[in-house]
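Trainee: Have a look at this one before I ask anything.
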Amino acid sequence: MNKSFLKFITDFGPLLIFFTVYYKSGNNLIVAIPPLIVATIIAVGIVYFVEKKIPYVPLIGGIIITLFGGLTLYFNNPVFIYMKPTIVNIIFALILLGSNIFFGKNFLKFFLQTAFQLSESGWNKLNFRWAYFFIFLAILNEIVWRTQPESTWVNFKVWGILPITFLFTALQIPLINKHKL
């Protein structure tokens, strides 16, 4: 099996399962969370089995989904799953800002330097832009889940955040081209 296809399936399969169960259960978040958790754990296991290494990003994502999904189920309160994107985006922003400000390290450069080479100025600008973007996503998630019905929030998670992230990423191309080495 093609590794890029496998990555696509393991990245988006749990989400597809979540949406399928969510809509077939009459928009019941409590019913849709357990299959999401199980599918995420299976996806991480498949990636580990195929690549023979621990996939850190999916592993961390799986832990976070299991934690917040588990809290939602345990307390029978969806507020935990609603707040997951806010907390994750704030953590990402703090890591990007904190690593640069307090440690003089650019985590974005650390993770992306094999994809492309930029000047230090370019890496710093890109790092700060992504940090501020994560803060924007956290605020946006808070606004949506606090003001909209659950089904709107669920749809926003994929059909809102994903296109916004793709658009933001595309808007970074001029900066990357300007500072490319």
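In the numbering used here, the protein residues as written are 17 to 197.
For each residue, glycine too, the CB sits at the ideal point set by N, CA and C.
These figures come from a predicted structure and were not determined experimentally.
Around the C-beta of Ile49, are 16 or more other C-beta atoms found within 10 angstroms, so that it is buried, or is it exposed?
Mentor: So Ile49 ends up on the buried side.
Trainee: Find the nearest neighbour of Leu83 within the set Pro71, Lys69, Met99, judged by alpha-carbon distance.
Mentor: Comparing Cα positions, the closest option is Met99.
Trainee: Please confirm whether Lys196 and Gln133 have their CB atoms less than 8 Å apart.
Mentor: Cβ atoms of Lys196 and Gln133: closer than 8 Å.
Trainee: What ranges does the alpha helix (DSSP H) occupy inside the stretch 112 to 187, keeping only unbroken runs of at least 4 residues that lie completely in it?
Mentor: Whole alpha helix (DSSP H) segments, 4+ residues: 123 to 128, 136 to 163, 166 to 175, 177 to 187.
Trainee: Quick check on Lys40: does DSSP put it in helix, strand or coil?
Mentor: Lys40: helix per DSSP, three-state reduction.
Trainee: Is Asn105 near Ala59, with beta carbons less than 8 Å apart?
Mentor: The answer is no: Cβ separation not under 8 Å.
Trainee: Could you tell me the alpha carbon to alpha carbon distance between Thr26 and Ser135, rounded to whole angstroms?
Mentor: So the alpha carbons of these two residues sit roughly 34 Å apart.
Trainee: When burial is assigned at 16 or more other CB atoms within 10 Å of the CB, is Thr181 buried or exposed?
Mentor: Thr181 comes out exposed.
Trainee: Just to confirm my understanding: we take Gly225, look at its own chain, exclude 5 residues before and 5 after, and list those with CB closer than 8 Å. What are they?
Mentor: This structure cannot settle anything about residue 225, because the visible part of the chain is limited to 17 through 197.
Trainee: Can you give me the C-alpha to C-alpha distance between Ala147 and Leu112, rounded to a whole angstrom?
Mentor: Distance between the alpha carbons of Ala147 and Leu112 is about 6 Å.
Trainee: Leaving out five residues before and five after Leu6 in sequence, what residues of the same chain have Cβ atoms less than 8 Å from its Cβ?
Mentor: A question about residue 6 goes unanswered here, because the residues of the chain that appear run from 17 up to 197.
Trainee: Taking DSSP's pairing of strands, which residues face Lys196 in a bridge?
Mentor: Looking at the DSSP assignment, Lys196 forms a beta bridge with Leu134.
Trainee: If you draw a straight line from the alpha carbon of Ile103 to that of Val95, how long is it in whole angstroms?
Mentor: Going by the C-alpha atoms only, they are around 12 Å apart.
Trainee: Since Pro101 and Lys173 should fall inside the 8 Å C-beta cutoff, what is the C-beta to C-beta distance between them, to a whole number of angstroms?
Mentor: The Cβ separation is near 7 Å, so the contact holds.
Trainee: Considering Pro7, what are the terminal residues of the alpha helix (DSSP H) in which it resides?
Mentor: Absent from the structure is residue 7, since the part of the chain shown begins at 17 and ends at 197.
Trainee: Run through DSSP, which three-state label would Lys23 get?
Mentor: It is helical.
Trainee: What is the DSSP secondary structure of Lys100, counted as helix, strand or coil?
Mentor: Helix, per DSSP.
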